[in-house]
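Trainee:
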Amino acid sequence: MPPSLQIQTESIANGMVLRPSGEIDLARSPELRLRLREEVDALPRRLVIDLSAVGYMDSSGVATLVEALQRSKTAGCRLILCCLQPKVRSIFAISRLDTVFEIALSVDDAKTR
Amino acid sequence: MPPSLQIQTESIANGMVLRPSGEIDLARSPELRLRLREEVDALPRRLVIDLSAVGYMDSSGVATLVEALQRSKTAGCRLILCCLQPKVRSIFAISRLDTVFEIALSVDDAKTR
Amino acid sequence: MTESALELRFLSHAENLASVRACVDRFAASVGFDEERRGRIVLAVDEAITNSIRHGYGSRTDGPITLRLAELDGGGVRIELEDEGKQVDPGNLTPRDLSDVRPGGLGIHIIRSTFQNCRWVRKQDTGMAVTLELPLTSSLKDLPRRAP
Amino acid sequence: MTESALELRFLSHAENLASVRACVDRFAASVGFDEERRGRIVLAVDEAITNSIRHGYGSRTDGPITLRLAELDGGGVRIELEDEGKQVDPGNLTPRDLSDVRPGGLGIHIIRSTFQNCRWVRKQDTGMAVTLELPLTSSLKDLPRRAP
Ligand SMILES: Nc1ncnc2c1ncn2[C@@H]1O[C@H](COP(=O)(O)OP(=O)(O)O)[C@@H](O)[C@H]1O
Ligand SMILES: Nc1ncnc2c1ncn2[C@@H]1O[C@H](COP(=O)(O)OP(=O)(O)O)[C@@H](O)[C@H]1O
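Shown next, in the form of structure tokens:
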């Protein structure tokens with residue numbers, strides 16, 4: 003009975019905010035991948051991924067976000083990450099992806115910047 | 003290179019306050035036992051054991067405190083525990099020792115009650 | 002071994018307890034136990050291992066211990082502990098009278114009051130095998146304030 | 002097996018990763034690593050296991066994996082990972098160019114930039130053996146902001 007990935011959502015004027023929670027590793031990233039595909043395919047102008055409730059992410063989670071970023075670009079959607087916890091920020095730094103993603107410090111900033 | 007048990011101490015007018023930190027299990031309780039013997043043998047009128055920095059304790063830790071309590075009684079010393087975290091409080095409850103020990107909610111209360 | 006299951010092997014050195022507890026805690030979480038029940042499970046498994054170290058191996062630090070964590074059919078946790086130490090008559094493993102306040106003698110009480118099913122078995126040649134089960138649906142056993 | 006050492010055995014089911022990480026984290030703490038370095042060690046071990054699951058076993062969930070945690074002489078951690086899956090030429094396990102942004106291909110980079118010594122070996126019959134070592138005295142490798 004493995005716990006599935008919890009994702010809270012909020013519609014905003016120009017798109018969506020997703021707030022996954024838990025640890026995004028090989029066990030959880032397939033669910034995130036499917037969900038992000040659906041969200042990008044709905045063609046929002048902006049997709050904010052609030053990572054404040056994600057305490058851990060490995061490279062399978064990062065790969066999922068890179069895929070979503072590339073899909074977003076093709077779809078003309080602006081994908082913004084926000085509120086990365088230090089451990090999660092560190093895997094983006096190690097992977098040299100911290101300058102590839104648009105990363106905001108707060109949800110408000112990510113919604114409105 | 004196992005980390006040893008850290009114990010902060012404070013002298014008070016009528017005795018001593020000891021503040022061990024970490025997880026008191028079979029690996030750490032022998033050090034605590036030796037230390038408590040020394041402290042009781044110094045014949046303070048009051049010995050306060052501040053458990054606020056102890057996140058875990060198993061029955062070997064509890065046995066150590068029961069031994070210290072019995073030694074204290076013989077030595078005419080008042081042994082008071084204080085600031086138990088919920089997990090630690092629970093092992094005292096399971097062991098039905100929560101009414102055997104004098105347990106204070108704050109260090110100040112334990113020092114002056 | 003079912004797919005979501007773990008086996009830990011280590012020697013009877015108390016320094017290993019903390020890493021084992023962390024693993025048991027996270028396994029119990031992944032099976033669905035809340036924090037309070039995980040705390041009890043972790044404590045009770047610690048007590049069982051501590052008994053293997055102290056009584057099975059007489060506090061020797063080089064005795065092999067195996068701990069298996071598995072999910073129960075229907076939800077919950079099944080834990081198997083094996084040592085190769087001194088054996089004990091399972092019939093003697095009853096909790097003592099807690100109103101007699103003295104150091105020690107709490108482990109069996111903690112283990113039995115945490116798990117729904119506890120079984121101690123003498124292995125073929127040497128050592129004990131302990132099986133502990135807690136279904137997700139069972140409630141923590143009642144903890145009266147005083148022994149009867 | 003030295004006395005303060007642990008061996009974990011589990012199947013190649015991603016659901017097991019979380020419990021294994023908890024154990025690795027606590028073991029690294031007991032050996033003396035600070036929180037930042039523990040975070041790196043846990044991540045890198047997760048990446049190595051993820052590779053066994055995905056590449057060694059082609060995402061099958063029933064392949065046996067063994068992880069051994071031990072303290073290095075002189076302080077630090079030595080981690081051995083073994084699977085019985087598909088083998089890979091260790092010479093091909095070099096990190097890719099990170100300036101080519103694409104999903105995947107980060108694991109080897111993370112592992113190599115975390116541990117001081119990394120060795121991949123093809124086992125006799127089938128499967129890989131990975132050995133990762135980090136002395137307590139070594140500093141985290143430099144992480145330049147951009148690939149050269
Ligand atoms: N794994 C074991 N191997 C051998 N003897 C055991 C084992 N577990 C428990 N015992 C016996 O059961 C007794 C009661 O155990 P316990 O309630 O944990 O209290 P304590 O360990 O403080 O004596 C022990 O004193 C010991 O004689
Ligand atoms: N344990 C392993 N068994 C077989 N092949 C492996 C193993 N680890 C790594 N590899 C090979 O090394 C490549 C690079 O691995 P990595 O950097 O982790 O990126 P990714 O797993 O995303 O491809 C993999 O694509 C795979 O071909």
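Those protein sequence lines, which keep their order, are chains A, B, C and D. Here the first sequence is numbered in this note's numbering, starting from 3 and rising by one per residue. Here the second sequence is numbered in this note's numbering, starting from 3 and rising by one per residue. Here the third sequence is numbered in this note's numbering, starting from 2 and rising by one per residue. Here the fourth sequence is numbered in this note's numbering, starting from 2 and rising by one per residue. Built from N, CA and C at the ideal position, the CB exists for glycine as well. Quick caveat: nothing in here was measured; it's all calculated off a predicted structure.
1) Between C/G128, C/V46 and C/R69, which lies nearest to C/G86 when the distance is taken from Cα to Cα?
2) Compare the C-beta of C/S150 with all C-beta atoms of chain B and state if any pair is closer than 8 Å.
3) Please compile the residues from chain D whose C-beta is within a distance smaller than 9 Å of the C-beta of A/L86.
4) Short of 8 Å in beta carbon distance, which residues of its chain neighbour A/Q87, apart from the five on each side in sequence? Order them along the chain.
5) Report the rounded CA-to-CA distance for C/G57 versus D/G92, giving the unit in angstroms.
6) Give every residue whose Cβ lies closer than 5 Å to any heavy atom of ligand 3, listed in chain order.
7) Whose C-beta lies closer than 6 Å to the C-beta of B/C85 among residues of the same chain, with five residues either side of it excluded?
8) Below 9 Å on C-beta distance, what does B/A127 contact in chain C?
9) Alpha carbon to alpha carbon, what distance is there between B/R80 and A/I93?
10) Quick check on A/E25: buried or exposed, where buried means 16 or more other Cβ atoms within 10 Å of its Cβ?
11) Buried or exposed for C/S53, going by 16 or more other Cβ atoms inside 10 Å?
12) Any chance the CB of C/E72 is under 7 Å from a heavy atom of ligand 2?
13) Run down chain C in chain order and give the residues with a C-beta less than 7 Å from the C-beta of D/R38.
14) Taking 7 Å as the cut-off, is the C-beta of D/E48 nearer than that to any heavy atom in ligand 2?
15) Between C/I66 and C/F11, is the Cβ-Cβ spacing less than 8 Å?
16) Suppose the cutoff is 6 Å on Cβ atoms and the five residues either side in sequence are ignored; what does the same chain contact list for D/L137 look like?
17) Just to make sure I have the definition right: I need the residues of chain D whose C-beta is within less than 9 Å of the C-beta of C/L16. Which are they?
18) Which residues in chain C sit within 9 Å of B/A29, going by Cβ to Cβ distance?
19) Name the residues in the region 62-82 of chain D whose C-beta lies less than 7 Å from a C-beta of chain E; which are they?
20) If we ignore side chains and look at the alpha-carbon of each, how far apart do B/L99 and D/E83 end up?
21) Using a C-beta to C-beta distance shorter than 7 Å, which residues of chain C count as neighbours of D/R55?
22) Taking C/F11 as the query, report the chain D residues whose CB atoms sit under 8 Å from its CB, ordered along the chain.
23) Tell me which same chain residues have a C-beta within less than 8 Å of the C-beta of A/D27, skipping the five on either side of it?
24) For A/K89 and chain D, any beta-carbon pair shorter than 8 Å?
25) For the region 76-133 of chain C, list the alpha helix (DSSP H) runs that are entirely contained and at least 4 residues long, ordered along the chain.
26) If you count every other CB in all the chains shown that lies within 10 Å of the CB of B/E40, and 16 or more means buried, which is it?
27) Select from C/R123, C/D98 and C/G59 the residue whose C-alpha is nearest the C-alpha of C/V89.
28) What in chain D is Cβ-close to A/V102, meaning under 9 Å?
29) Alpha carbon to alpha carbon, how far is B/V90 from C/D26?
30) Excluding the 5 residues flanking B/S31 on each side, which residues of the same chain have their C-beta closer than 6 Å to its C-beta?
31) For chain A, find out if any of its Cβ atoms is closer than 8 Å to the Cβ of D/E48; answer yes or no.
32) May I have the straight-line CA-CA distance separating D/E37 from D/A29, to the nearest angstrom?
33) Could you tell me whether the Cβ of C/I42 comes closer than 8 Å to any Cβ of chain B?
34) If we cut at 8 Å on Cβ distances, does D/A23 have a partner in chain C?
35) Where C/R69 and A/A15 are concerned, what is the direct C-alpha to C-alpha distance, given to the nearest angstrom?
Mentor: In terms of the structure at hand:
1) Taking the third sequence and counting its residues from 1, one reaches residue 86 of chain C at position 85. Relative to the Cα of C/G86, the nearest Cα in the group C/G128, C/V46 and C/R69 belongs to C/G128.
2) The question about residue 150 of chain C has no answer here: the residues shown for chain C are numbered 2 through 149.
3) Position 84 of the first sequence holds residue 86 of chain A. Residues of chain D with a Cβ closer than 9 Å to the Cβ of A/L86 do not exist; the shortest Cβ-Cβ separation is about 13 Å.
4) Position 85 of the first sequence, counted from the first residue, corresponds to residue 87 of chain A. Contacts found: L53, S54, V56 and G57.
5) As a working mapping, residue 57 of chain C is identified with position 56 in the third sequence. As a working mapping, residue 92 of chain D is identified with position 91 in the fourth sequence. Distance from the CA atom of C/G57 to the CA atom of D/G92, rounded to whole angstroms, is 47 Å.
6) In the structure on display, ligand 3 does not appear, and the ligands it does have are ligand 1 and ligand 2.
7) Position 83 of the second sequence, counted from the start, is the residue given in the question as residue 85 of chain B. Contacts found: D52, L53 and S54.
8) Residue 127 of chain B is absent from the model: chain B starts at 3 and stops at 115.
9) Against the first sequence, residue 93 of chain A aligns to sequence position 91. Against the second sequence, residue 80 of chain B aligns to sequence position 78. C-alpha of A/I93 to C-alpha of B/R80: approximately 52 Å in a straight line.
10) Working through the first sequence from its first residue, we reach residue 25 of chain A at position 23. So A/E25 ends up on the buried side.
11) Within the third sequence, the letter at position 52 stands for residue 53 of chain C. With 16 or more Cβ atoms within 10 Å of its Cβ, C/S53 is classed as buried.
12) Here residue 72 of chain C refers to the residue found at position 71 when the third sequence is read from its first residue. For ligand 2, no non-hydrogen atom lies closer than 7 Å to the CB of C/E72.
13) Residue mapping note: residue 38 of chain D aligns to position 37 of the fourth sequence, counting from 1. Those within 7 Å of D/R38 in chain C number zero; the least Cβ separation is about 16 Å.
14) Along the fourth sequence, read from residue 1 onward, the residue named residue 48 of chain D stands at position 47. For ligand 2, at least one heavy atom lies less than 7 Å from the Cβ of D/E48.
15) For the purposes of this step, residue 66 of chain C is taken as the residue at position 65 of the third sequence. For the purposes of this step, residue 11 of chain C is taken as the residue at position 10 of the third sequence. For C/I66 and C/F11, yes; Cβs fall inside 8 Å.
16) Taking the fourth sequence and counting its residues from 1, the one referred to as residue 137 of chain D is at position 136. Closer than 6 Å at Cβ, skipping near neighbours: G33, G76 and G77.
17) For this step, residue 16 of chain C is matched to residue 15 along the third sequence. A small correction: the amino acid at residue 16 of chain C is Glu; Leu does not occupy that position in the sequence shown. Annotation: Cβ neighbours of C/E16 in chain D (cutoff 9 Å, chain order): E4, S5 and S31.
18) The sequence position of residue 29 of chain B within the second sequence is 27, counting from 1. What B/A29 touches in chain C: H14, A15, E16, N17, L18 and A19.
19) Here chain E cannot be found, since the structure's protein chains are A, B, C and D.
20) Locating residue 99 of chain B in the second sequence gives position 97, counting from the first residue. Locating residue 83 of chain D in the fourth sequence gives position 82, counting from the first residue. In a straight line, the C-alpha of B/L99 is about 47 Å away from that of D/E83.
21) Here residue 55 of chain D is taken as the residue at index 54 of the fourth sequence, counted from 1. Counting only Cβ-Cβ distances below 7 Å, D/R55 has no contacts in chain C at all, with the closest Cβ about 16 Å away.
22) Numbered from 1 along the third sequence, position 10 holds the residue referred to as residue 11 of chain C. For C/F11, the chain D residues whose C-beta falls within less than 8 Å of its own C-beta are M2, A6, L7 and E8, listed in chain order.
23) Within the first sequence, the letter at position 25 stands for residue 27 of chain A. Listed in chain order, the non-local C-beta contacts of A/D27 below 8 Å within the same chain comprise Y58, M59, D60, S62 and G63, local neighbours out to five positions each way being set aside.
24) Position 87 of the first sequence, counting from 1, holds the residue named residue 89 of chain A. For A/K89, the answer is yes, since a Cβ of chain D falls inside 8 Å of its Cβ.
25) Those alpha helix (DSSP H) runs which fall completely within the region 76-133 of chain C and span 4+ residues are 108-115.
26) Working through the second sequence from its first residue, we reach residue 40 of chain B at position 38. Here B/E40 is exposed. Its C-beta has fewer than 16 other C-beta atoms within 10 Å.
27) Against the third sequence, residue 89 of chain C aligns to sequence position 88. It is C/R123.
28) Taking the first sequence and counting its residues from 1, one reaches residue 102 of chain A at position 100. Those within 9 Å of A/V102 in chain D are V102.
29) Walking along the second sequence from the start, residue 90 of chain B turns up at place 88. Walking along the third sequence from the start, residue 26 of chain C turns up at place 25. Straight across, the Cα-Cα distance linking B/V90 with C/D26 is about 16 Å.
30) Position 29 of the second sequence, counted from the start, is the residue given in the question as residue 31 of chain B. Its chain contains S62, G63 and T66 as the residues whose beta carbon lies nearer than 6 Å to that of B/S31, once the 5 sequence neighbours on both sides are disregarded; these appear in chain order.
31) The residue given as residue 48 of chain D occupies position 47 in the fourth sequence. At a cut-off of 8 Å between beta carbons, D/E48 contacts chain A.
32) Reading the fourth sequence from its first residue, position 36 is the one you call residue 37 of chain D. Reading the fourth sequence from its first residue, position 28 is the one you call residue 29 of chain D. Rounded to whole angstroms, D/E37 to D/A29 spans 11 Å at the Cα level.
33) As a working note, residue 42 of chain C is residue 41 in the third sequence. Taking CB atoms only, C/I42 has no neighbour in chain B less than 8 Å away.
34) For the purposes of this step, residue 23 of chain D is taken as residue 22 along the fourth sequence, with counting starting at 1. Judged by the 8 Å Cβ criterion, D/A23 is in contact with chain C.
35) To locate residue 69 of chain C, count along the third sequence from 1; it is residue 68. To locate residue 15 of chain A, count along the first sequence from 1; it is residue 13. The C-alpha of C/R69 lies about 52 Å from the C-alpha of A/A15.
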